[in-house]
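Each residue of the sequence shown is one higher than the one before, starting from 1 at the first, in the numbering used here. Inspection log for the structure reproduced underneath, given as structure tokens.
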Amino acid sequence: MSTGCQMGEKNTDGSLLQTTSLSPNELAQIRALTNKTSGAKVSLLITYRDGVRTVPLVEGQTIVVGRSQPADVILRDNSLSRQHACVELIEGEVWVEDLQSTNGTWLNGEKLERGRVAAADDLAFGAVTASIHLQASSRERRLGLDGHDRFADELQAEVGRARVFGRTATLMMFRCTDKNQHNPGRWFPGIREQLRPFDKMALYSSDTVEILVPESPESQALDLAKRIVEEAKNLVCGLGVLPTHAASADELIEVTRTALQKTSARNPVELAGALVRPEPLGESPEATRDLVVLSSAMQKVFEMIPRLANSAIPVLIIGDTGSGKEVVARAIHVSGKRRDKPMRCINCGGIPPNLVESTLFGHEKGSFTGANQKAEGVFEFANGGTVLLDEIGELPAAAQAALLRVLETKRFTRVGANKEIEVDVRILTATNKDLEAMANQGAFRKDLLYRLNAMTLQIPPLNERPEEIVPLASHFIKLANQANACNIGGFDEQARELLLRYSWPGNVRELRNAIERAVVIAQGEKITIEDLPEKVREIELPVGQSESEDSGNNSLPGEGEINLKLEMERHEATLILEALRAHGWDRKETARALGLPVRTLAHKMKTHGIKKVAYQKN
């Protein structure tokens, strides 16, 4: 490995990039500027599927980047070789040398063997992008970004805290519209300077950063997003606010991602869908076509829909969060005679208690602080059509009484008015709570419950209908391909197996979020295990457990067939033996070379019967 600063020159066939070094005068000016910034530090910012990794560069120290040991910086990415490239800081300059990698090292789109990298350059190790960052120590902050999996866990915890203590939380997603600056390592440090120390940042995909901003009302979050976009120029932002736009972490991710997809250069900041979601016929493909109904439980639900669609009786839809209650409600609406009239979907848990009646029934100008003009409510909007009241168990007592009156008289009164308004609305409700238990405890009106549950539909969780998991995932791939201009053609066998083994506690919405992200981070033509969330990958069964599941099949392989398990054991034993010999039977060094703990190596040696005395005779 070369350590000098000189560059060779070759033709423009991409085999060796020709670069020019700075003149001594230019280098002296840069060093002088560096000294003026209170000791600026140089870092390599590496963007890969699990986040952005910050690698501090020290004068005279060589850093090897690769996929496995003995690389110094190990990144989980199949486009990297085991030892892909080395990076050095020499007299203030950053030099990168490719270590004969399979997929190459690239500088500004040209293949690199060895060259100097400046802060403005685009560097790539295989499919992993990187950039040089110079930061003054007086302003030093942690520059790395977590991966999406860890961020999702923190988002889930924050959503729980926000709901318990009645707080707000905002999720933002930023993406750069300039294709030459799509690497977040270029622009996310500028965003971090605008945030508070406890705001969380992570890498959603190779070109998108997600930010959790706790305790942030909608107006404050919008101001922050607009300020960041205005200063950065080429950024767009989608944002969703809890509880206004979502009731769970998975839903918040979904609505924020959808908002980001709606942004443009003319509309760089997009707020998530309104609290009251209009769903006329044709605007919800999942409800009107490509429905996945394969399990016997879901078939029974959909067998009831034609009989319920033209009826006027209320329907209570019960199921876990994300299981598809709203999809069922839309199917009821579009299957009946009200299909050409509006449908309005509202999450009762996302409305501030003091605004529930105004949201449902409207208000007159001046009826309360902030009511600057007359406004129609959900029931007026949906006259002749359908209203879905999701999370009906969250409805305050006063609103429960008003809703009961609408059910009985088909009349209501706007807040601040005396005149009654007659309305013809089909009411559907949904919940994941036991309303009967709430009614017995006095938390929900019994007379309202009796009116709402004239007909009840129970939606089973996704893990009780495993035959629908892969078809649903395939449908979500299709939707994600359309939304992100991708062309992913399905799953490989291992990824398909993991999808079936995972329990999906977040139901269909969790599956959709997992597939959406897998599509945008996938490096091949199909989704692989590496593209799935960490919690899905963790449930992969070890060889021994898989073997026990097939223990009932005692047939021997026929002539010419391969015993895969035996061949894998032989290959493992050979690798361990060769590594032991290469390292003079030093178990510590052998374990380091193989990327194993010493105890694991010792166990494998015992399992395979590898002993130093026995093998030294060869």
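Ideal placement from N, C-alpha and C gives every residue a C-beta, glycine not left out.
Identity of the residue in the options nearest residue i by Cα
i           : options               : result
residue 198 : 213, 479, 70 and 539  : 213
residue 102 : 85, 94 and 236        : 85
residue 593 : 482, 72, 261 and 48   : 72
residue 425 : 468, 377, 417 and 419 : 377
residue 295 : 468, 421 and 223      : 468
residue 525 : 245, 447 and 490      : 490
residue 475 : 292, 444 and 586      : 292
residue 423 : 444, 386 and 346      : 386
residue 125 : 113, 161, 402 and 345 : 113
residue 148 : 512, 534, 478 and 582 : 534
residue 627 : 77, 439, 452 and 519  : Here the chain covers residues 1 to 618 and nothing more, so residue 627 does not appear.
residue 194 : 219, 228 and 206      : 228
residue 512 : 253, 69, 450 and 215  : 253
Cβ shell of residue i (< 8 Å), same chain only, five flanking positions each side left out
i           : result
residue 398 : 356 and 357
residue 173 : 204, 208, 209, 210, 211, 237, 238, 239, 256, 257, 259 and 260
residue 602 : 587
residue 119 : 131, 132, 133 and 134
residue 5   : Residue placement at residue 5 is flagged as unreliable, the pLDDT there being 32, under the threshold of 50; a coordinate-derived value is accordingly withheld.
residue 575 : 594
Cβ shell of residue i (< 7 Å), same chain only, five flanking positions each side left out
i           : result
residue 546 : In this predicted model, residue 546 has a pLDDT of only 41, less than 50, meaning its place in the structure is not dependable; the value taken from the coordinates is given anyway. So the list is empty, once near-sequence residues are dropped.
residue 154 : 200 and 212
residue 308 : 315, 332 and 455
residue 54  : 43, 45, 143 and 144
residue 396 : 353 and 356
residue 181 : 187 and 234
residue 394 : 348 and 349
residue 487 : 481
residue 518 : 527, 531 and 532
Reduced DSSP category for residue i - H, G, I as helix; E, B as strand; rest coil
i           : result
residue 365 : coil
residue 63  : strand
residue 421 : strand
residue 70  : coil
residue 457 : strand
residue 574 : helix
residue 604 : helix
residue 160 : helix
residue 196 : coil
residue 78  : coil
residue 97  : strand
residue 341 : coil
residue 374 : coil
residue 296 : helix
residue 265 : coil
residue 411 : strand
residue 114 : strand
residue 211 : strand
residue 490 : coil
residue 346 : strand
residue 41  : strand
residue 395 : coil
Cβ-Cβ distance between residue i and residue j below 9 Å
i           : j           : result
residue 221 : residue 170 : yes
residue 128 : residue 48  : yes
residue 51  : residue 123 : no
residue 498 : residue 536 : yes
residue 241 : residue 359 : no
residue 83  : residue 66  : yes
residue 64  : residue 89  : no
residue 317 : residue 430 : yes
residue 539 : residue 503 : yes
residue 371 : residue 364 : yes
residue 412 : residue 361 : yes
residue 96  : residue 115 : yes
residue 407 : residue 427 : yes
residue 272 : residue 246 : yes
residue 472 : residue 400 : no
residue 439 : residue 446 : yes
residue 479 : residue 516 : yes
residue 152 : residue 249 : yes
Cutoff 6 Å; reference residue i; Cβ partners in own chain excluding five residues on either side
i           : result
residue 507 : 320, 322, 323, 461 and 462
residue 483 : 261
residue 647 : Outside the shown range of the chain, which is 1 to 618, sits residue 647, and nothing can be said about it.
residue 285 : Low local confidence applies: a pLDDT of 39 at residue 285 is under 50, so the model's placement there is unreliable, with the coordinate-based value given in what follows. The answer is none, since no qualifying residue turns up.
(message) So, does the region 293-306 touch the region 266-274, judging by three or more C-beta pairs under 8 Å?
(response) Because the criterion of three Cβ pairs below 8 Å is not met, the region 293-306 and the region 266-274 do not touch.
(message) Taking 8 Å as the cut-off, does the region 347-354 touch the region 384-391 (at least 3 CB pairs, one atom from each stretch)?
(response) Yes, the region 384-391 touches the region 347-354.
(message) With three or more beta-carbon pairs closer than 8 Å as the criterion, would you say the region 175-187 touches the region 230-248?
(response) Short answer: they touch.
(request) Taking 8 Å as the threshold, find out whether the region 481-495 comes into contact with the region 526-533 through three or more Cβ pairs. (result) Taking 8 Å as the limit for Cβ pairs, the verdict is that the region 526-533 does touch the region 481-495.
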